[in-house]
Structure formats: C-alpha cells, structure tokens
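Following our numbering, the numbering of the sequence shown begins with 1227 at its first residue and continues without gaps.
A virtual CB, placed ideally from N, CA and C, is assigned to each residue, including glycine.
Quantities reported herein were computed from a predicted structural model and do not represent experimental measurements.
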Amino acid sequence: MKTFRIGQYHVTRIEEMLTPGFMPDFLFPDFESGIFDEHKLLSGARFWDEVSKKVMSSMHSWMIRDDRHTILVDTGCGNDKMRALPLFARFHQLHLPYLDRLLEAGVRPEDVNLVICTHLHVDHVGWNTKLVDGKWVPTFPNAKYIFSRREFEHWQSPAGQLSMPENMAVIADSVLPVIEAGQVEFINDGSKILEGLFFQDAIGHTAGHGLLKLESGRDAAIFPGDSLHQPMQVFRPDWNSRFCEMAEEARTTRRAVLDYCHDRNALLLPAHFGAPHGGYVRRHSAGYDFTPADDLVIAG
Ligand SMILES: [Zn+2]
1227 MKTFRIGQYH
1237 VTRIEEMLTP
1247 GFMPDFLFPD
1257 FESGIFDEHK
1267 LLSGARFWDE
1277 VSKKVMSSMH
1287 SWMIRDDRHT
1297 ILVDTGCGND
1307 KMRALPLFAR
1317 FHQLHLPYLD
1327 RLLEAGVRPE
1337 DVNLVICTHL
1347 HVDHVGWNTK
1357 LVDGKWVPTF
1367 PNAKYIFSRR
1377 EFEHWQSPAG
1387 QLSMPENMAV
1397 IADSVLPVIE
1407 AGQVEFINDG
1417 SKILEGLFFQ
1427 DAIGHTAGHG
1437 LLKLESGRDA
1447 AIFPGDSLHQ
1457 PMQVFRPDWN
1467 SRFCEMAEEA
1477 RTTRRAVLDY
1487 CHDRNALLLP
1497 AHFGAPHGGY
1507 VRRHSAGYDF
1517 TPADDLVIAG
C-alpha cells in the first residue's frame, strides 16, 4: 500500500481493482500508436497489458489523513451493483475486498469523516453505498459526503441524463441513498473543505466535474478525477476520452491541471493511472513530461 506525504497529510491509495481497461483507440478517439515509440514508459507493464492490448486501469480511492481527519476521494465501483449494460461490464456484480483493504490501512468504515466525489460516474461513487437486506445504505455511517452542486444538478437535468443514460441507475443506487440519509453537503467552485484542501470546478469530463487541491507547507497534490485517465494524456493533453462530455472544456481543464502540477511541483494523483498511480509533471517548450512517483514512496 503506497502512502505519500503531503505536509501534515498522508495520502494512501485504497485499491478496488487493477486490471486492463479499454483499448487505447477506443478510449481516446484521437489515439495514434506512434506515442508508444516516443514514450517507452507507456508500453511498460505498469501502464499497458501486452496480452489484451489494453491500457492498465486502476480503480481506487485516495485516502487523505491527518491526526483528526480521514477522507476518501472517490469510491470506485462498489460491490453487488447491477451493471448489466455492456459499457459497464467490468463493474457488474463485483465482490471485491475494498473494505478489507481499508481495514489493512487501519480504517473502519465508521472512522471515515468525509467522502468526496470528483463526479458522479459509475466508477467514482460505488462504495458510497452497500447492500444491506436488499437496501442501499451509506457504507460510511459517520461520514459527510461532499458532492458538487453543479454535478448533481447536471444529473438531475434532461441534458445530463441524456449524456449517459446508463449512469442513471448509478445515481439511484449510489447517490440518492446518501442524500436521503441526510449525509450529503453540496459544494460550489472554490470551496475550502479543510485547512489546505480546496474544491474547484474542473468541467469537461462531465458538466459538473470537480477536482481537489491539497496544499500543506511546501508540499502539494492534486486529485484531478477523470480530467486525465492515462499517463499518455500528459504527453497528449488534447486527447479526450470518449466519455468526456465537453471537448474544449475538457482540454482546457487538463492543461490547467498539468500547469498546476508544474508550477506548484504538485503530485498528480488521478483516479485511474496504473502503478505507482501518480507522478510529477514538468512543462517544457513543446509540452509536458511525466515521471511516475515511485521514488517518493515513504511507507508500505
Ligand atoms: Zn473514472
């Protein structure tokens, strides 16, 4: 289990699954295979599965802790969820030891204070709820769940529902039950969540997508959610995923994320990168470079 230190905070990855994801030319409509010749690290086993010819895709939460707070950023796909449509086949009826891994990190569900979802897609809200006696209930009974108001309103609107009709069952089983339980706080662009932890709109992937910045002393990290899916997008920031709803906004957001990483020397901690699941970005005259964060692991 990897833990990164960001000033007073420790950031640990809680794995749900790490498997081959999509074919790159499916995930990225603009994909060109020459990128593998240019950047050898992309065809290494951490980011590429040679057997299936798919990019490696991690599902995980980032857990941020200090003496007083235990915070989960995004909650993966969840167990027992009906995801019968072909697009969601990888997420259908899972029975994964995510909560055991949380325990291995020393955290029981009741210890979690805050759950923050960057957006409300199927693979970011799953563990918000668990199935008990045929009913979806909050997995983290003492947590306040934080959702972007803009993102929630998007999924309430006809345009949002049409943007990904498959996702409406996800809203029903993984979002509405925590609202009904009175555990949700909706926040807006620019909200300060804790000392050093900020929420910002980062639209494009969805119409209400957000990101988190964590700043403590000289250290910084950014949780950009699905502003980037794969390391190859650091080298090709104009490549949107096929799931990005707003093309130009998604590109602008991605560049802003990469610029922040460079300018603040911030650790980039996305939602789906293969091991070591994060890294550092440098801007140069022709674009951006990516260095996986292997050297900076302090524990686990
Ligand atoms: Zn995602």
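Exercise. Would you say ASP1349 touches ligand 1, meaning its beta carbon is less than 8 Å from a heavy atom?
Worked result: Distances between the C-beta of ASP1349 and the heavy atoms of ligand 1 include at least one below 8 Å.
Exercise. Are the region 1365-1383 and the region 1407-1423 touching, with three or more C-beta to C-beta distances below 8 Å?
Worked result: yes
Problem set entry | Closer than 8 Å: ALA1497 CB and nearest ligand 1 heavy atom | yes
Problem set entry | ALA1447, enclosing beta strand (DSSP E) - first and last residue | 1445-1449
Exercise. Is there contact between the region 1452-1459 and the region 1482-1497, where contact requires at least three CB pairs shorter than 8 Å?
Worked result: yes
Exercise. From what residue to what residue does the beta strand (DSSP E) around ILE1528 run?
Worked result: This structure cannot settle anything about residue 1528, because the visible part of the chain is limited to 1227 through 1526.
Exercise. With 16 as the cutoff for other CB atoms within 10 Å, does ASP1445 come out buried or exposed?
Worked result: Result: buried.
Exercise. Below 9 Å between beta carbons: does that hold for VAL1237 and ALA1447?
Worked result: yes
Problem set entry | Cβ shell of HIS1265 (< 6 Å), same chain only, five flanking positions each side left out | PHE1461
For this session: Tell me whether the beta-carbon of PHE1424 lies closer than 9 Å to the beta-carbon of VAL1401.
Result: no
For this session: Could you tell me the distance, in whole angstroms, from the CA atom of HIS1488 to the CA atom of HIS1350?
Result: 26 Å
Problem set entry | Classification of SER1467 by the beta-carbon crowding that lies within 10 angstroms, buried from 16 upward | buried
For this session: Taking the CB atoms as reference points, tell me whether LEU1438 and VAL1333 lie closer together than 9 Å.
Result: no
Exercise. Cβ atoms of GLN1459 and ALA1254: under 9 Å apart, would you say?
Worked result: Looking at the sequence provided, one finds Phe at residue 1254 rather than Ala. Yes, the Cβ-Cβ distance between PHE1254 and GLN1459 is below 9 Å.
Exercise. Can you give the Cα-Cα distance for PHE1516 and ARG1239, rounded to whole angstroms?
Worked result: The straight-line gap from Cα to Cα measures roughly 19 Å.
Exercise. Does at least one heavy atom of ligand 1 sit under 8 Å from the Cβ of GLY1430?
Worked result: no
Exercise. DSSP state of ARG1316, grouped into three classes?
Worked result: ARG1316 carries a helical assignment under DSSP once its states are collapsed to helix, strand and coil.
Exercise. For GLU1276, which residues from the same chain have a beta carbon less than 7 Å from its beta carbon, with the 5 sequence-adjacent residues on both sides left out?
Worked result: Exclusion of the five residues before and after GLU1276 leaves no residue of its chain whose Cβ lies closer than 7 Å to its Cβ.
For this session: Give the DSSP bridge partners of PHE1424, in chain order.
Result: For PHE1424, which the question treats as bridged, DSSP gives the partners LYS1418, LYS1439.
Exercise. How about GLY1451: is its Cβ closer than 8 Å to a heavy atom in ligand 1?
Worked result: yes
Exercise. Does DSSP put MET1472 in a helix, a strand or coil?
Worked result: coil
Exercise. Say the cut is 8 Å; is the CB of HIS1455 nearer than that to a heavy atom of ligand 2?
Worked result: Questions concerning ligand 2 fall outside what the structure shown contains, since the ligands it does hold are ligand 1.
Exercise. Of the choices ASN1339, PRO1457, LEU1325, whose alpha-carbon is the least far from that of ARG1508?
Worked result: Of ASN1339, PRO1457, LEU1325, the residue nearest in Cα terms is PRO1457.
Problem set entry | Pick from ALA1519, GLY1270, SER1278 that is closest to MET1249, judged by C-alpha positions | SER1278
Exercise. What separation, rounded to the nearest whole angstrom, lies between the Cα atoms of CYS1343 and ALA1497?
Worked result: 11 Å
Problem set entry | ALA1385, buried or exposed, once every other Cβ within 10 Å from all chains shown has been counted against 16 | exposed
Exercise. From ASP1359 to PHE1317, what distance separates their C-alpha atoms?
Worked result: 21 Å
Problem set entry | Of the listed residues THR1479, LEU1325, LYS1307, ARG1309, nearest to ILE1429 (C-alpha basis) | THR1479
Exercise. Looking only at C-alpha atoms, which of SER1259, LEU1440, LEU1311, ASP1263 sits nearest to ILE1290?
Worked result: LEU1440
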